[in-house]
Amino acid sequence: MPRPVFSPDLTTLCKPMLALLMAASMGSAQAIDLNKLLSGENLNTAINILSNAGDAAKASSGNLGPEQEDALGRSVMANLLGAAPLVRDSALQRYVNQVGRWVALQSDMPNLNWRFGVIDSPNINSFAAAGGYILITRGLWDRLENEAELANVLAHEIIHVTRKHQIKAIASSKTQLASSQLISLIADYNSNKSYSKVGEKLGKAGSEIFVRGLDKNDEFEADQLGMQLAAKAGYNPYAMVSVLQLLGRVNPADSTVALMFSTHPSPQDRLNSIDSAIGDKLEPWAEGVENTARFNQVKR
Amino acid sequence: MKTVLYSLLLVSALAAAESGTVIRKTDLRDKPFLDAKVLAPVATDTQVDIRGRKGAWMEVRLPNGQQGWIKLLNVRTSSGQTSSSAALSNVLRTGSSGKTVTTGVKGLTAEQINNASPNPAEVDRMNGYSVSGNEAKIQALNYGLKAMGVTPITPSNGNNTEEQQNPNMRRR
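Here the protein sequences line up with chains A and B, keeping their order. Residue 59 in this note's numbering sits at position 59 of the first sequence, with consecutive numbering throughout. Add 1000 to the 1-based position in the second sequence for this note's numbering, that's all there is to it.
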């Protein structure tokens, strides 16, 4: 009986394929090294497998259910609030929720369980996490001059959530560790395992994006869509320009802006992109609300 | 002696009013409207003192003392040599101990975020402050806000042309 001709080939093929699948789950850096060991036709197969595995990871992470997104956001926020707690001022906390929730109502996700807060840090920064969690720092709050500026800052963060920029960043090749953990979370969810075990690890991994930053183009997008969202909520969208001019005045050497400047395009670049993409197009909405009595009450 | 130093710091902080640079040739107008009277042409690179803002406009004073309105987006601010007010107040605070006049503000650093212990109780506290969409809507209407229709504008990165993003296109 003749031996099947493909049998030996199958054995030799299987090992690299297995290695590749493992590599794909470990991260593309390692996977590329393994690629070098392969040659000829196997290389093409390997590349296909890798790109498919990458796509699958991205697609599945982009398709987190609402509960999974909330779980991810909760663990990320627990970590951030572990670094800096909320300011102990319930009037302020309620106020930012009133403004934020109103702006979010005009977004693509009006019914998400949006939550806002001010954390006790002198830094100038703001953060958003999947599931509708948004925090700004006391350092930023202290510098805001009116409600329209606050609304535009919150709108920028709301866009990061509705456009799933953080999830995209976690799943991107930049953060392979986070990506693999996100995939394991999805696997655990799909097998109905308890979330809490991976929660802490995930919070750490998810917080990585606060340190590494999002894609620069996602920041430009959040600025421009955020201005439009603020306009929809009845605020002057050009208050975003004032906020960025304010950031532009802070000495980059100042430690209060170190993290924000390392994770965002420069205020000048952000203003330039608003200039060319938005320009005067939102001027019909520029007569929107600039400030309210409630802002001044809380600000005192 | 110390008092004099702090006074000087305060004075320089007050004197360092917000200023900016005009990035493109424009007109100084007497009111924040496009059809308002033109007071004077403003050349690129003119340094202006910023007096205030309204809508898409900024009230400025030109080097010759003339005051009026130009569009916000025609002006860029820069930090110059001054530091933020937080850093300044910190200078004053640390200065009073007689030790140093450098910035020592302890910010939220990458390290702090990386090394934080999760605080789920604080997330619960945050949840406790949330408001319903309905409540936010009623409040917003009370403060004169209304939902507006906005014609969507597609976002783009204005800093890079397509050519810069894709070097292959240059060869065409």
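Every residue, glycine too, gets a C-beta built ideally from N, C-alpha and C. Quick caveat, the model's predicted, so the values are computed rather than measured.
Residues bridged to residue i [DSSP beta-bridge criterion]
i         : result
B:Glu1059 : B:Gly1052 and B:Trp1069
A:Leu135  : A:Gly117 and A:Phe127
A:Tyr235  : A:Val289
B:Thr1021 : B:Gln1047 and B:Arg1076
A:Thr162  : Answer is none; A:Thr162 lacks a bridge partner.
B:Thr992  : It is not possible to answer for residue 992 of chain B, since the shown part of chain B is limited to 1001 through 1172.
A:Leu86   : A:Ile119
Reference residue i, options the options, closest by Cα
i         : options                                       : result
B:Leu1141 : A:Leu246, A:Asp275 and A:Tyr235               : A:Tyr235
B:Ala1056 : A:Asp254, A:Met227 and A:Arg138               : A:Met227
A:Leu92   : B:Ile1050, B:Val1022, B:Ile1138 and B:Val1131 : B:Val1131
B:Lys1071 : B:Asn1127, B:Arg1029, B:Gly1133 and B:Ala1040 : B:Arg1029
B:Lys1037 : B:Trp1069, B:Met1058, B:Ala1110 and B:Gly1065 : B:Trp1069
A:Asp108  : A:Lys168, A:Ile158 and A:Asp215               : A:Ile158
A:Asn291  : A:Glu149, A:Gln68 and A:Gly65                 : A:Glu149
A:Pro66   : A:Trp102, A:Gly131 and A:Asp275               : A:Gly131
A:Val243  : A:Lys216, A:Ile274 and A:Gly213               : A:Ile274
A:Asp218  : A:Ser75, A:Ala169 and A:Asn152                : A:Ala169
A:Phe295  : B:Pro1152, B:Thr1154 and B:Gln1139            : B:Gln1139
A:Ile119  : A:Asp254, A:Gly213, A:Pro110 and A:Leu81      : A:Leu81
B:Gln1047 : B:Val1150, B:Asp1035, B:Asn1114 and B:Ala1017 : B:Ala1017
B:Val1150 : A:Val211, A:Asp254, A:Ala231 and A:Ala253     : A:Ala231
B:Arg1053 : A:Arg212, A:Leu214, A:Glu145 and A:Leu64      : A:Glu145
B:Asp1124 : A:Gln224, A:Pro85 and A:Asp215                : A:Pro85
Contact under 8 angstroms by Cβ, residue i with residue j
i         : j         : result
B:Thr1077 : A:Gln106  : no
A:Ala277  : A:Tyr238  : no
B:Ala1116 : A:Ala83   : yes
A:Gly203  : A:Ala293  : no
A:Val99   : A:Arg138  : no
B:Gln1066 : B:Ala1040 : yes
A:Ala258  : A:His156  : no
A:Gly117  : B:Tyr1129 : yes
B:Gly1144 : A:Val289  : yes
A:Ala128  : A:Val161  : yes
A:Thr256  : A:Pro122  : yes
A:Asn272  : B:Ser1079 : no
A:Gly206  : A:Val298  : no
B:Ala1110 : A:Val211  : yes
A:Trp114  : A:Arg94   : no
Under 8 angstroms by beta carbon: chain A residues contacting residue i
i         : result
B:Arg1029 : Going along chain A, no residue has its Cβ under 8 angstroms from B:Arg1029, so there is no contact; the nearest lies around 14 angstroms.
B:Gln1112 : Ala83 and Ala84
Alpha carbon of residue i to alpha carbon of residue j, nearest angstrom
i         : j         : result
B:Leu943  : B:Pro1063 : In the structure as shown, chain B starts at 1001 and stops at 1172, and residue 943 of chain B therefore has no counterpart that could be examined.
A:Pro267  : B:Ala1147 : 28 angstroms
B:Val1060 : A:Glu283  : 19 angstroms
B:Val1022 : A:Arg249  : 15 angstroms
B:Met1058 : B:Ser1156 : 25 angstroms
A:Val241  : B:Val1075 : 10 angstroms
A:Ala233  : B:Asp1049 : 31 angstroms
A:Ile134  : A:Ser126  : 8 angstroms
B:Lys1025 : B:Phe1033 : 17 angstroms
B:Glu1135 : A:Val96   : 13 angstroms
B:Met1126 : A:Ile167  : 21 angstroms
B:Gly1020 : B:Pro1118 : 42 angstroms
A:Glu41   : A:Ala171  : Residue placement at A:Glu41 is flagged as unreliable, the pLDDT there being 40, under the threshold of 50; a coordinate-derived value is accordingly withheld.
A:Phe220  : A:Arg270  : 6 angstroms
A:Glu147  : B:Asp1045 : 31 angstroms
A:Lys58   : A:Lys164  : Note that A:Lys58 scores 47 on pLDDT, short of 50, meaning its location in the model is unreliable; the coordinates nonetheless yield the value given after this. When rounded, the distance between both Cα atoms is 12 angstroms.
A:Lys281  : A:Ala71   : 38 angstroms
B:Thr1154 : A:Pro265  : 19 angstroms
A:Ala253  : A:Gly279  : 30 angstroms
A:Arg300  : A:Arg143  : 13 angstroms
Neighbour list for residue i in chain B, Cβ cutoff strictly below 9 angstroms
i        : result
A:Ala205 : The contacting residues do not exist; A:Ala205 stays about 11 angstroms from chain B at best.
Residue i: contacting residues in chain B (beta-carbon distance under 8 angstroms)
i       : result
A:Ser90 : Tyr1129
Listed by chain order, chain A residues near residue i by CB distance under 9 angstroms
i         : result
B:Gly1133 : Arg101, Trp102, Ala104, Leu105, Pro110, Asn111 and Trp114
B:Ala1040 : Near B:Ala1040 there are no residues of chain A at all, since even the closest Cβ is about 21 angstroms away, more than 9 angstroms.
Residue i: contacting residues in chain A (beta-carbon distance under 7 angstroms)
i         : result
B:Lys1137 : Trp102 and Leu105
B:Pro1055 : Correcting the residue type first, residue 1055 of chain B is Gly in the shown sequence and not Pro. Those are Asn236, Tyr238, Ala286 and Glu287, listed as they occur along chain A.
B:Lys1146 : Gly234
B:Val1150 : Gln228, Ala231, Lys232 and Trp285
Proximal residues of chain B, C-beta to C-beta of residue i below 7 angstroms
i        : result
A:Lys281 : Ile1153
A:Leu64  : Near A:Leu64 there are no residues of chain B at all, since even the closest Cβ is about 18 angstroms away, more than 7 angstroms.
Legend entry - Contact list for the segment 211–238 of chain A against chain D, Cβ threshold 7 angstroms: Structure shown: chain D not included; protein chains present are A and B.
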